[in-house]
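Here is the structure we will look at.
Protein chains: 2
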Amino acid sequence: MPTLSPLAPARFPDLPQVDGVRFATAAAGVRYKNRTDVMLALCDPGTTVAGTFTRSATRSAPVRDCEAKIGGDGDAGAAILVNSGNSNAFTGKAGEGSVERIAAAVAEVAGLPEARVFTSSTGVIGERLPDDRITAALTDLHEALDPAGIEPAARAIMTTDTFPKGCARRVEIDGQAVNVVGIAKGSGMIAPDMATMLVYIFTDATIARPLLQEMLSDLTDRTFNCITVDGDTSTSDTLLLAATGKSAEVTSRGSPFEDALHEVMLDLSHQVVRDGEGATKFVEVSVTGAADDADARKVASSIANSPLVKTAIAGEDPNWGRIVMAVGKSGAKADRDTLSIRFGDIEVARDGWVSPDYAEDKGAAYMKGQELVIRVDLGLGSGTATMWTCDLTHAYIQINADYRS
Amino acid sequence: MPTLSPLAPARFPDLPQVDGVRFATAAAGVRYKNRTDVMLALCDPGTTVAGTFTRSATRSAPVRDCEAKIGGDGDAGAAILVNSGNSNAFTGKAGEGSVERIAAAVAEVAGLPEARVFTSSTGVIGERLPDDRITAALTDLHEALDPAGIEPAARAIMTTDTFPKGCARRVEIDGQAVNVVGIAKGSGMIAPDMATMLVYIFTDATIARPLLQEMLSDLTDRTFNCITVDGDTSTSDTLLLAATGKSAEVTSRGSPFEDALHEVMLDLSHQVVRDGEGATKFVEVSVTGAADDADARKVASSIANSPLVKTAIAGEDPNWGRIVMAVGKSGAKADRDTLSIRFGDIEVARDGWVSPDYAEDKGAAYMKGQELVIRVDLGLGSGTATMWTCDLTHAYIQINADYRS
Numbered sequence: 048m049p050t051l052s053p054l055a056p057a058r059f060p061d062l063p064q065v066d067g068v069r070f071a072t073a074a075a076g077v078r079y080k081n082r083t084d085v086m087l088a089l090c091d092p093g094t095t096v097a098g099t100f101t102r103s104a105t106r107s108a109p110v111r112d113c114e115a116k117i118g119g120d121g122d123a124g125a126a127i128l129v130n131s132g133n134s135n136a137f138t139g140k141a142g143e144g145s146v147e148r149i150a151a152a153v154a155e156v157a158g159l160p161e162a163r164v165f166t167s168s169t170g171v172i173g174e175r176l177p178d179d180r181i182t183a184a185l186t187d188l189h190e191a192l193d194p195a196g197i198e199p200a201a202r203a204i205m206t207t208d209t210f211p212k213g214c215a216r217r218v219e220i221d222g223q224a225v226n227v228v229g230i231a232k233g234s235g236m237i238a239p240d241m242a243t244m245l246v247y248i249f250t251d252a253t254i255a256r257p258l259l260q261e262m263l264s265d266l267t268d269r270t271f272n273c274i275t276v277d278g279d280t281s282t283s284d285t286l287l288l289a290a291t292g293k294s295a296e297v298t299s300r301g302s303p304f305e306d307a308l309h310e311v312m313l314d315l316s317h318q319v320v321r322d323g324e325g326a327t328k329f330v331e332v333s334v335t336g337a338a339d340d341a342d343a344r345k346v347a348s349s350i351a352n353s354p355l356v357k358t359a360i361a362g363e364d365p366n367w368g369r370i371v372m373a374v375g376k377s378g379a380k381a382d383r384d385t386l387s388i389r390f391g392d393i394e395v396a397r398d399g400w401v402s403p404d405y406a407e408d409k410g411a412a413y414m415k416g417q418e419l420v421i422r423v424d425l426g427l428g429s430g431t432a433t434m435w436t437c438d439l440t441h442a443y444i445q446i447n448a449d450y451r452s
Numbered sequence: 048m049p050t051l052s053p054l055a056p057a058r059f060p061d062l063p064q065v066d067g068v069r070f071a072t073a074a075a076g077v078r079y080k081n082r083t084d085v086m087l088a089l090c091d092p093g094t095t096v097a098g099t100f101t102r103s104a105t106r107s108a109p110v111r112d113c114e115a116k117i118g119g120d121g122d123a124g125a126a127i128l129v130n131s132g133n134s135n136a137f138t139g140k141a142g143e144g145s146v147e148r149i150a151a152a153v154a155e156v157a158g159l160p161e162a163r164v165f166t167s168s169t170g171v172i173g174e175r176l177p178d179d180r181i182t183a184a185l186t187d188l189h190e191a192l193d194p195a196g197i198e199p200a201a202r203a204i205m206t207t208d209t210f211p212k213g214c215a216r217r218v219e220i221d222g223q224a225v226n227v228v229g230i231a232k233g234s235g236m237i238a239p240d241m242a243t244m245l246v247y248i249f250t251d252a253t254i255a256r257p258l259l260q261e262m263l264s265d266l267t268d269r270t271f272n273c274i275t276v277d278g279d280t281s282t283s284d285t286l287l288l289a290a291t292g293k294s295a296e297v298t299s300r301g302s303p304f305e306d307a308l309h310e311v312m313l314d315l316s317h318q319v320v321r322d323g324e325g326a327t328k329f330v331e332v333s334v335t336g337a338a339d340d341a342d343a344r345k346v347a348s349s350i351a352n353s354p355l356v357k358t359a360i361a362g363e364d365p366n367w368g369r370i371v372m373a374v375g376k377s378g379a380k381a382d383r384d385t386l387s388i389r390f391g392d393i394e395v396a397r398d399g400w401v402s403p404d405y406a407e408d409k410g411a412a413y414m415k416g417q418e419l420v421i422r423v424d425l426g427l428g429s430g431t432a433t434m435w436t437c438d439l440t441h442a443y444i445q446i447n448a449d450y451r452s
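As they're listed, the protein sequences go chains A and B.
Remember, my numbering sits 47 above the position in the first sequence when you count from 1.
Remember, my numbering sits 47 above the position in the second sequence when you count from 1.
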């Protein structure tokens with residue numbers, strides 16, 4: 048077992064039940080021994096499902112299958128079946144066969160059309176998925192379904208995550224309580240070939256699929272698409288959001304429901320960074336004053352992905368010269384003389400040079416913190432972006448280089 | 048002193064003199080003690096100069112000055128003055144003043160117009176350049192100029208390079224011998240704030256400036272723009288090419304001269320990778336079968352910059368799943384079922400899955416080599432690209448994180 052991340056939360060949160068969804072887990076022996084590795088979530092009829100997926104051109108068979116199914120509406124319930132240990136990615140036509148067999152078996156046991164069965168797989172790339180071990184566990188899984196079973200579900204989807212990830216928010220809509228509850232796995236590209244972020248969010252709200260998808264896509268761009276551990280992108284990233292329709296209806300954007308969903312997604316995305324491989328610091332990169340938002344994002348991404356910035360943070364080195372470098376290479380419009388840099392509230396550089404009041408010991412003291420904010424203002428316009436990342440440490444190399452497959 | 052790179056050449060090559068150019072070095076104490084840190088190269092009247100520079104938006108004062116001067120033709124000679132220890136980058140208006148004072152002093156001692164004095168600085172970012180120490184050394188430098196002084200020049204421009212870098216080629220044109228001789232410094236972003244690749248190439252050929260610049264720009268795209276150590280870009284990268292006009296004339300593209308120049312640039316660029324921070328493997332990434340050359344470059348760059356691919360190589364792990372991942376995230380058109388991957392001549396994957404003849408021990412044996420070739424064929428078109436990189440090791444983190452500025 049990897050060491051618990053120093054950035055892990057104190058404990059798994061108490062997650063409320065979401066009316067209309069039940070969970071079960073099993074130890075099917077896909078790859079791991081002596082732990083659960085399959086989870087089934089079953090949603091009642093009337094559920095709408097939205098999803099966002101990796102943009103990888105080599106995405107896995109289950110991702111392609113989910114993408115094909117996600118647009119379909121229907122009154123039937125929905126099932127989500129996830130295994131850990133094997134990603135079923137780059138497994139040729141055999142991979143598609145595995146997805147079909149699993150979906151067919153889940154559909155049969157749950158009494159659903161196959162089009163309402165969504166699957167995810169996470170783990171080794173390029174090895175045949177032993178789907179028979181998963182389908183053999185389905186009857187037991189179906190019998191064990193439990194509305195209180197979300198924490199075991201969060202544990203079953205882990206690969207080399209050092210902690211399970213969950214979050215919940217509750218809002219009141221038209222006098223009715225609405226829950227938004229999510230679980231996630233991922234910590235960059237955790238261990239060799241074990242590379243995925245998976246997120247499942249459930250709500251009892253009633254929401255039409257097009258609105259649900261629109262909200263999810265927009266909020267993904269402001270949460271999960273704003274985090275980076277190593278800049279590498281999984282072939283299997285999947286985020287599914289299911290609304291069971293048991294509570295109040297949400298009919299428009301900008302509602303308290305959307306705020307709650309945003310909070311759950313932001314919290315889960317930060318938990319993924321906090322479990323980043325070898326991470327010892329949680330870093331927010333906040334860019335303002337860019338020519339436009341796209342430029343701000345280029346700068347934030349360049350800083351958050353720079354190995355030199357990330358190793359400096361690991362070394363608690365207030366190395367603002369590397370931030371200047373990362374701004375410069377980003378491709379965004381930038382001007383030395385209008386650029387300013389702050390570490391938290393400490394102004395480090397402005398007017399094209401180090402700030403007159405800045406002293407190295409101030410920056411060095413700030414860098415000893417576990418939660419850091421790097422602020423860059425380009426002084427050009429009103430574009431803004433925020434990204435979250437972690438430092439790049441010896442442990443990252445240890446995890447990714449010293450392991451032999 | 049850092050440990051000599053295991054990928055270093057056995058010794059510095061014997062470099063021939065280039066008629067019309069002389070070198071001198073000095074220990075001016077810009078930052079380092081007990082070593083040379085300034086070099087002056089002086090070219091005779093009739094010299095044409097071409098240059099390529101970092102694309103960084105936060106490029107340094109000397110880079111901006113060179114860019115402004117590089118287009119100017121003239122019958123006067125040309126001087127190149129380089130210091131190590133301080134990059135004069137992000138030093139505000141003061142940085143521009145330093146460049147002006149150095150250029151004026153060189154112009155005076157060498158009897159040149161200021162427009163023919165090119166300067167480079169490499170070292171710490173954000174500290175005022177003590178230009179008075181450099182200008183104080185100029186009279187001695189000018190008196191010491193020596194046509195045989197190129198090896199000391201290669202040493203004076205080093206920062207934390209572990210070896211000096213030089214290369215030469217000779218071709219015959221119209222019965223006359225033509226020399227192309229270059230020196231370089233750089234090893235990624237060597238040590239904190241010491242981030243630069245500097246390259247100076249001299250030839251006695253006679254070449255009009257527009258042709259010289261055209262050749263240099265094209266060849267830079269196939270050599271120095273195809274190498275990566277950590278994907279970070281210096282604020283000071285500079286490549287200057289001076290043709291003294293003492294030997295035969297080159298009047299068109301595609302000549303033996305251009306081949307020789309290409310070889311010198313390729314060799315020097317590979318030496319920079321071989322001195323990459325913490326490097327233990329030299330890796331060629333060769334992409335074929337892309338939809339077009341731009342797509343091939345995207346894929347090659349994605350593989351060559353992927354921390355997961357580079358840590359796998361460090362661990363001698365034939366982790367082809369990470370190459371699939373890097374292809375997928377590149378943004379280039381790719382198709383799982385037409386993609387093939389080889390390690391050297393060993394076919395690893397094809398038809399969307401692992402190759403039937405591939406065995407893990409073959410790949411593991413190949414990965415033990417010091418010189419590796421990763422070949423990816425996308426099976427879509429005729430686009431090709433080649434990039435060169437090194438592995439990502441504990442030593443990289445050591446150099447960049449454990450150092451405190």
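Glycine included, each C-beta is placed from N, C-alpha and C at the ideal position.
Inset, instruction - Determine the chain B residues that contact His-441 of chain A at a beta-carbon separation under 9 Å, and present them in chain order. - result: Numbered from 1 along the first sequence, position 394 holds the residue referred to as residue 441 of chain A. The answer, in chain order, is His-441, Ile-444, Gln-445, Ala-448 and Asp-449.
Legend entry - Alpha-carbon to alpha-carbon, Ile-248 of chain B and Val-228 of chain B: If you number the second sequence from 1, residue 228 of chain B lands on position 181. If you number the second sequence from 1, residue 248 of chain B lands on position 201. So the alpha carbons of these two residues sit roughly 6 Å apart.
Legend entry - Partners in chain B for Asp-277 of chain A, counting only beta-carbon separations shorter than 7 Å: The count along the first sequence starts at 1 and reaches residue 277 of chain A at position 230. What Asp-277 of chain A touches in chain B: Pro-354 and Leu-355.
Inset, instruction - Take every Cβ of the segment 199 to 206 of chain A, pair it with every Cβ of the segment 302 to 320 of chain A, and state whether three or more of those distances are shorter than 8 Å. - result: The segment 199 to 206 of chain A makes no contact with the segment 302 to 320 of chain A: fewer than 3 CB pairs, one atom from each, lie closer than 8 Å.
Inset, instruction - Whole angstroms is fine: what's the gap from Asp-339 of chain A's alpha carbon to Glu-418 of chain A's? - result: On the first sequence, position 292 is the one that residue 339 of chain A refers to. On the first sequence, position 371 is the one that residue 418 of chain A refers to. A direct Cα-to-Cα measurement between Asp-339 of chain A and Glu-418 of chain A gives close to 27 Å.
Legend entry - chain A contacts made by the segment 161 to 177 of chain B, where a contact means CB separation under 9 Å: Val-171, Ile-172, Gly-173, Glu-174 and Arg-175
Inset, instruction - Let me know the secondary structure DSSP gives Ala-157 of chain A once reduced to three states. - result: Locating residue 157 of chain A in the first sequence gives position 110, where the first residue counts as 1. For Ala-157 of chain A, the secondary structure class from DSSP, reduced to helix, strand or coil, is helix.
Legend entry - Beta-carbon proximity of Ser-131 of chain A to Asp-322 of chain A, cut-off 8 Å: The residue labelled residue 131 of chain A in the question sits at position 84 within the first sequence. The residue labelled residue 322 of chain A in the question sits at position 275 within the first sequence. No, these two residues do not count as a Cβ contact at 8 Å.
Inset, instruction - Figure out for me which residue from A:Ser-167, A:Val-129, A:Val-146 and A:Gly-173 has the closest Cα to the Cα of Pro-403 of chain B. - result: On the second sequence, residue 403 of chain B is found 356 positions in, with the first residue counted as 1. Comparing Cα positions, the closest option is A:Gly-173.
Inset, instruction - Please confirm if Ala-326 of chain A has its CB atom under 8 Å from at least one CB of chain B. - result: Looking up residue 326 of chain A in the first sequence gives position 279. No, because no Cβ of chain B sits closer than 8 Å to the Cβ of Ala-326 of chain A.
Legend entry - Cutoff 8 Å: Phe-137 of chain A Cβ touching any chain B Cβ: Mapped onto the first sequence, residue 137 of chain A falls at position 90. Yes, because at least one Cβ of chain B sits closer than 8 Å to the Cβ of Phe-137 of chain A.
Inset, instruction - Could you tell me the distance, in whole angstroms, from the CA atom of Gly-139 of chain A to the CA atom of Ala-255 of chain A? - result: Position 92 of the first sequence, counted from the start, is the residue given in the question as residue 139 of chain A. Position 208 of the first sequence, counted from the start, is the residue given in the question as residue 255 of chain A. The alpha-carbon atoms of Gly-139 of chain A and Ala-255 of chain A are separated by roughly 35 Å.
Inset, instruction - Have a look at the DSSP bridge pairing and note the partners of Leu-87 of chain A. - result: Translated into positions along the first sequence, residue 87 of chain A becomes position 40. DSSP links Leu-87 of chain A through a beta bridge to A:Ala-71 and A:Leu-128.
Legend entry - Interface residues of the segment 93 to 109 of chain A facing chain B [CB-CB below 7 Å]: Ser-103, Ala-104, Thr-105 and Arg-106
Legend entry - Buried versus exposed call for Gly-233 of chain B [16 or more other C-beta atoms within 10 Å across all chains shown]: The sequence position of residue 233 of chain B within the second sequence is 186, counting from 1. Its Cβ being crowded by 16 or more others within 10 Å, Gly-233 of chain B is buried.
Legend entry - Cut-off 8 Å between Cβ atoms - residues of its own chain near Gly-410 of chain B, not counting five sequence neighbours on either side: Numbered from 1 along the second sequence, position 363 holds the residue referred to as residue 410 of chain B. Once the five neighbours on either side are set aside, the close Cβ partners of Gly-410 of chain B are Pro-365, Trp-367, Phe-390, Ile-393 and Val-395.
Inset, instruction - Report the option in B:Val-346, B:Ser-349 and B:Thr-250 whose CA atom is closest to the CA atom of Phe-304 of chain B. - result: For the purposes of this step, residue 304 of chain B is taken as residue 257 along the second sequence, with counting starting at 1. Nearest C-alpha to Phe-304 of chain B: B:Thr-250.
Inset, instruction - Find out if the Cβ-Cβ distance for the pair Val-110 of chain B, Ile-181 of chain B is shorter than 8 Å. - result: One-based indexing of the second sequence puts residue 110 of chain B at position 63. One-based indexing of the second sequence puts residue 181 of chain B at position 134. It is not a contact, given that the beta carbons lie outside the stated cut-off.
Legend entry - Gln-223 of chain B, enclosing beta strand (DSSP E) - first and last residue: The residue given as residue 223 of chain B occupies position 176 in the second sequence. Note, Gln-223 of chain B: beta strand (DSSP E), 223 to 232.
Legend entry - Where Gly-222 of chain A falls, given that 16 or more other Cβ within 10 Å makes a residue buried: On the first sequence, position 175 is the one that residue 222 of chain A refers to. Exposed is the call here.
Inset, instruction - Would you kindly work out how many angstroms separate the C-alpha atoms of Ala-448 of chain A and Arg-78 of chain A, rounded to a whole number? - result: Translated into positions along the first sequence, residue 448 of chain A becomes position 401. Translated into positions along the first sequence, residue 78 of chain A becomes position 31. In a straight line, the C-alpha of Ala-448 of chain A is about 21 Å away from that of Arg-78 of chain A.
Legend entry - Neighbourhood of Gly-148 of chain A by C-beta distance below 7 Å, restricted to the same chain and skipping five residues each side: Taking the first residue of the first sequence as position 1, residue 148 of chain A is located at position 101. According to the sequence shown, residue 148 of chain A is Arg rather than Gly. Cβ neighbours of Arg-148 of chain A beyond the five flanking positions: Asp-178 and Thr-182.
Legend entry - Secondary structure of Tyr-413 of chain B, DSSP reduced to three states: By one-based count along the second sequence, residue 413 of chain B stands at place 366. Here Tyr-413 of chain B sits in helix by DSSP.
Inset, instruction - Determine the direct distance from the alpha carbon of Gly-170 of chain A to that of Lys-80 of chain A, and round the result to whole angstroms. - result: For the purposes of this step, residue 80 of chain A is identified with residue 33 of the first sequence, where counting begins at 1. For the purposes of this step, residue 170 of chain A is identified with residue 123 of the first sequence, where counting begins at 1. Cα to Cα, Lys-80 of chain A sits roughly 14 Å from Gly-170 of chain A.
Inset, instruction - Return the first residue and the last residue of the alpha helix (DSSP H) that Cys-113 of chain A is part of. - result: Within the first sequence, numbered from 1, the residue matching residue 113 of chain A stands at position 66. Unbroken alpha helix (DSSP H) run through Cys-113 of chain A: 108 to 117.
Inset, instruction - Would you be able to state if there are at least three C-beta pairs under 8 Å between the segment 295 to 302 of chain A and the segment 150 to 165 of chain A? - result: The segment 150 to 165 of chain A, when compared against the segment 295 to 302 of chain A, does not touch it at the 8 Å Cβ threshold.
Legend entry - Span of the alpha helix (DSSP H) around Tyr-443 of chain A: Walking along the first sequence from the start, residue 443 of chain A turns up at place 396. Start and end: 441 to 444.
Legend entry - Selection of the segment 377 to 407 of chain B by Cβ proximity to chain A, strictly under 9 Å: Ser-377, Gly-378, Ala-379, Lys-380, Ala-381, Asp-382, Arg-383, Asp-384, Leu-386, Ala-396, Asp-398, Gly-399, Trp-400, Val-401 and Glu-407
Inset, instruction - Closer than 9 Å by beta-carbon distance: list the chain D residues that pair up with Met-244 of chain A, in chain order. - result: You won't find chain D in this structure, because its protein chains are A and B.
Legend entry - Whole-angstrom distance between Thr-275 of chain A and Ile-214 of chain A, CA atom to CA atom: Residue 214 of chain A sits at position 167 when you count from the first residue of the first sequence. Residue 275 of chain A sits at position 228 when you count from the first residue of the first sequence. For clarity, residue 214 of chain A is Cys in the given sequence; the question names Ile instead. Their backbone Cα atoms lie some 20 Å apart in a straight line.
Inset, instruction - Please decide whether Ala-361 of chain A counts as near chain B, where near means a Cβ-Cβ distance under 8 Å. - result: Here residue 361 of chain A refers to the residue found at position 314 of the first sequence. Closer than 8 Å to some Cβ of chain B, the Cβ of Ala-361 of chain A qualifies, so yes.
Inset, instruction - Express the C-alpha separation of Ala-141 of chain A and Met-241 of chain A in angstroms, rounding to a whole number. - result: As a working note, residue 241 of chain A is residue 194 in the first sequence. As a working note, residue 141 of chain A is residue 94 in the first sequence. In this prediction, Met-241 of chain A has a pLDDT of 39, which is less than 50 and means its spatial position is unreliable; what the coordinates show is noted afterwards. Spanning the two alpha carbons is a distance of roughly 20 Å.
Inset, instruction - Rank B:Asp-208, B:Leu-245, B:Arg-82 and B:Ala-406 by C-alpha distance to the C-alpha of Ala-55 of chain B and give the top, closest one. - result: Here residue 55 of chain B corresponds to residue number 8 of the second sequence, with the count starting at 1. Comparing Cα positions, the closest option is B:Asp-208.
Inset, instruction - Taking C-beta pairs closer than 9 Å, name the residues in chain A that Trp-367 of chain B reaches, listed in chain order. - result: Here residue 367 of chain B refers to the residue found at position 320 when the second sequence is read from its first residue. Going along chain A in sequence order, the residues near Trp-367 of chain B (Cβ under 9 Å) are Phe-137, Ile-172 and Gly-173.
Legend entry - Reduced DSSP secondary structure (H/G/I, E/B, other) of Gly-144 of chain A: As a first step, residue 144 of chain A is located in the first sequence; it is residue number 97 there, counting from the start. Helix.
Inset, instruction - Mind checking which residues open and close the beta strand (DSSP E) that includes Ala-289 of chain A? - result: On the first sequence, position 242 is the one that residue 289 of chain A refers to. Looking at the DSSP string, the run of the beta strand (DSSP E) that includes Ala-289 of chain A is 285 to 290.
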